[in-house]
Structure formats: C-alpha cells, structure tokens
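See structure below.
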Amino acid sequence: MMSAPLKARDYKSGVKPIWCPGCGHYSVLNAVTKAMAALALSRDDTVLVSGIGCSSRLPAYAESYGFHGVHGRGLAVAQGLKVARPDLTVIALGGDGDGFSIGGNHFLHACRRNVDITYIAMDNEVYGMTKGQASPTTAIDWEHSKLTPHGPGVRPFKPAAVALAAGAPWIARAYSGNPNQMARLISEAVSHSGFSFLHVLSQCITFCPEQTDWKTVVHEREAAPLTDAGEAAARFFGESGFETGLLYQNPRASWPPQRQREPASLADIAGRLRV
Amino acid sequence: MSGAMELKRFLAHALEMEEEAMNRYRELAEALREHNNLLVADFFEAMAGESAKHLEEVKSFPIAGDLPVFDPWDYDWPADAPESTSYEAVHYRMDLRRALELALENEREAQAFYAQYAESTTDLETARLASSYAAEEADHARRLEERLKHLPPTSPSQFEDDDPAHIPE
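Sequences listed follow chains A and B, in order.
With our numbering, the residue at position 12 of the first sequence is 3, and numbering never jumps.
To convert, count from 1 in the second sequence and add 1280; that's our numbering.
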C-alpha cells in the first residue's frame, strides 16, 4: 500500500524551537520543511548538518537525520558525508559568524570544490547566541554592541561576491519575510547538481531591531540569473545586498569526479595501505 | 476550467490558508510561552483553535475526488498565506493589544482574499462559498475590533526589558 505524501509538518520534529519570537530562523525552518515536502525527500535519506549558533539549532527541529557539529565546520562534515554517501541529500546550515568567520575557510573551499550539497547561510549580521556582537556581515557603523561602541570599523563581508570568486556555481538569496519564495529556492538548490549556496537575510529582532526595515528594501530579481562570472562579479560588488532570487547559475562538474566515486572494497584499501 | 475544478482549486487554497494559519498561531503561542509572555501565548493558542474550527469546516465540505496539490510557491498569494502572522511581526515583549492588532490584520487579509476570489470566479458555487467564508472572516474581524476597544493603549515602554538581552562585555 502506498503511504500518503508527507506534508511540511511531517518534516518538523517534536523538539520546539527556542529562538526568540520574531526571529527569522522560524521562517527558514518553515521553508526548509516545505521544500522537503515539495521534493518528497525521504526523511531517512536526508541529512541536515550545522555548526554552532542560533541558526545551527535548526537540524534538531527537523525530522530527518542531523548533525549539530563543531563551530564553523558544518560544511566540512557535510562534504565528507556526501562524498562517503553520495546517495544522501545533504543540506548544510549555519549563520554568518559560523559560516563566514569561524568557518570562512571551509566556505571558500566548499565553493571551490563543488561537492553536490546545499549550503543555507542564515545571515542576521550579528552573533545572537552570545548576546549581540558584530559578525563578519555587520555594517561598518553598527553601534549597538558595547564591544564595538563606535561600530566594528571594518567593511562587511559580501557573501555572494566571495562565493562567486571562490567558484560557487549556484548562488541565490532569500529573505525570511518571504518563506514561500525561500522554499522554492531551497527546492531548486537541492535539485541543482553541485554546490548550491543560498544566502538568507534572516532578521534578529532582539539584537538588531532595525532589521524589521528590511521588508521595505528587499526586492525580487525579475531577470534571469546571470551566467557570466565577470558580469556577476560587477553586480555583486556594486549591489545593495537586498535583491532576492536566483542570482547566478553556471553549472560545472561536481567533485569528486566520476572515476573516484566507485566505492572501494576492504581488499582494495588494504592493498593500497600495504608497503 | 470547469465549475467542479474551480471549486476544488478554491477549496485547496482555503485548506492551505486555514492550516497554515492554525500552525503559525500554534508555533507563535509556543514561542511566546517559552519566553513567559503567557497572555499573548494564550491568545495565539485561542486563535489557533479558531483556525482549527474553520479548517474543519473547509475539510467537511462535500466534494467528490481529491483536491489539487500545489507547491507552496504556486498558491495565489505572493509571499505567505493571507491569514498567517508573519514570523517577524512578533516580539517576546509584545502586549495583548499588539497581538490582537496582528490577528485583526490577518482576518482582514483573509476576508479580502475570499472576497476577491468570489468576485473573480466564474463558477457560481465557488463564488457562493468564497462569499460565505469572507463573511465569516469579517465577523471574526468585527469581534477582534470590539475586543480591542476595551484594551488599554500600548505602553511606550512595551519593549523595555528589566533584564535586557544585551549584557556588558
């Protein structure tokens, strides 16, 4: 007998989120589970991997396999898992601090390596879990932290531009105020063969209440995604960072190459290790 | 599109809208309860109950065959279902008045959606049903408006916290 198709709520676990009311991450969880339902992903063959931070709590709230890993190392775990088990759907998630600072180097090389996984970076421009310090994407003049009372004084990281420069073949941006668009983009990201990077503007109402104004500046890209890296670079360096949608798409062969994907037997491995 | 198909399409939208509203109110109630804002949590829980009743009403509408299934982004609304409170509109310090105002916005949006559907459909049965749902939402809105009249105005210090989230570093 065929079982009924799973709904988004079937992909939510019994663990209740403890994010602050008003946090954009609720919307991301909603979009992730909607995308999982739309793609009819098997809960047994899907793994959500995260690092550390408010956003990295998400795998606990989803009904699938999950790994709440080491700070900044979600992408390393996710890529290793996908290479070892290419049959699984692997989605890595984390925040701006986890992904662009502590795990910045893993982000660069994940873009470059192009393993067939999806990375959702939930960017609220602040370290929320540790009570509101400036992160890599915080505005240069953000004065709300007592640690940086005159603002961090350094230019914010541009996730899309960095991802492009490092070789990411699929780059999109979503906004937590538009969960259905986000669900569509997550669905497309998971369906993309290769590394897909979804940058999500996810507000932190507790430490950055000014982010409630994002809804007045966020706008959806109407044109087709850019396919030329040079054109995209010019776009990403000059943009406001509030354009959502699929921004860049230029597929290339993912890693590892096909010839390296055949599983090795124990005898093969023993043979290679023999001196 | 045939009349039966039009009716099924409408019911699929109503079902998704009411289910999403119910789930959203429940999630917000749980979040507010976790943060000890019990007054607002109880109100959102009660609104989830109202949505559940409306959902049952939609589900019980007699119709032959399955309703069409849409991907979340293919429904006739741009970002989020009309009756669903935005996750981002709430705050752990919000008062009951603000919660009622949000619920009122939801009811008005739902009413507008159903009314617009009734106006644009060419199927008489769909128009009749959409109009009756719009009237129900309008009634919900009126009850919330009445309740709002008896609540004190929002305090300017609503969001002030005796134990603020920001700590000295």
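Ideal Cβ placement from N, Cα and C applies to all residues, glycine included.
- For the segment 24 to 42 of chain A, residues whose beta-carbon sits nearer than 9 Å to a beta-carbon of chain B comprise Lys25, Ala26, Ala28, Ala29.
- By the neighbour-count definition (other C-beta atoms within 10 Å, threshold 16), A:Leu192 is a buried residue.
- Residue environment: A:Ser(-6) is assigned as exposed (fewer than 16 neighbouring CB atoms within 10 Å of its CB, all protein chains considered).
- Measuring C-alpha to C-alpha distances from A:Pro143 to each of A:Tyr52, A:Asp259, A:Ala125 identifies A:Ala125 as the nearest.
- Assigned with DSSP and collapsed to three states, B:Phe1290 falls in helix.
- Contact between B:Ala1395 and B:Ala1414 holds, with the beta-carbon distance rounding to 4 Å and staying under 8 Å.
- The straight-line gap separating the alpha-carbon atoms of A:Ala220 and A:Gln240 is approximately 9 Å.
- If you check the CB distance, A:Val23 and A:Ala67 do not come in under 8 Å.
- In the three-state reduction of the DSSP assignment, A:Trp133 falls in the coil class, being assigned neither a helical nor a strand state.
- Taking 8 Å as the threshold, the shortest C-beta distance from B:Tyr1305 to chain A does not fall below it.
- Residues of chain A whose Cβ lies closer than 8 Å to the Cβ of B:His1315 are, in chain order, Cys11, Pro12.
- For A:Met120, no alpha helix (DSSP H) encloses it, and the DSSP letter there is neither H nor E.
- For A:Met113, the beta-bridge partners assigned by DSSP are A:Gly86, A:Val191.
- Linking A:Leu20 to B:Ala1309 through their CA atoms gives a straight-line distance of about 17 Å.
- Burial state of A:Leu257 is exposed, judged by a 10 Å Cβ sphere holding fewer than 16 other Cβ atoms.
- A:Trp246 sits close to A:Asn105, with the two beta carbons spaced by under 8 Å.
- The beta-bridge partner set that DSSP reports for A:Phe58 consists of A:Val40.
- When DSSP reads this structure, B:Ile1343 sits in no beta bridge, so it has no partner.
- For A:Gly232, no beta strand (DSSP E) encloses it, and the DSSP letter there is neither H nor E.
- Annotation for A:Ile162: the continuous beta strand (DSSP E) segment containing it runs 161 to 166.
- Distance from B:Pro1352 to A:Asn171 at the Cβ level is roughly 5 Å; contact confirmed, criterion being Cβ atoms closer than 8 Å.
- Chain B has no Cβ within less than 8 Å of the Cβ of A:Arg164.
- If you check the CB distance, B:Ala1390 and B:Glu1425 do not come in under 8 Å.
- One alpha carbon belongs to A:Ala163, the other to A:Ile177, and they sit about 9 Å apart.
- Under the 8 Å criterion on CB atoms, A:Ser(-6) is classed as non-interfacial with respect to chain B.
- Using beta-carbon distances, B:Ala1294 does not count as an interface residue toward chain A, since no partner is under 8 Å.
- Proximity to B:Ala1301 across B:Thr1365, B:Leu1409, B:Met1281, B:Glu1417 peaks at B:Thr1365, based on C-alpha coordinates.
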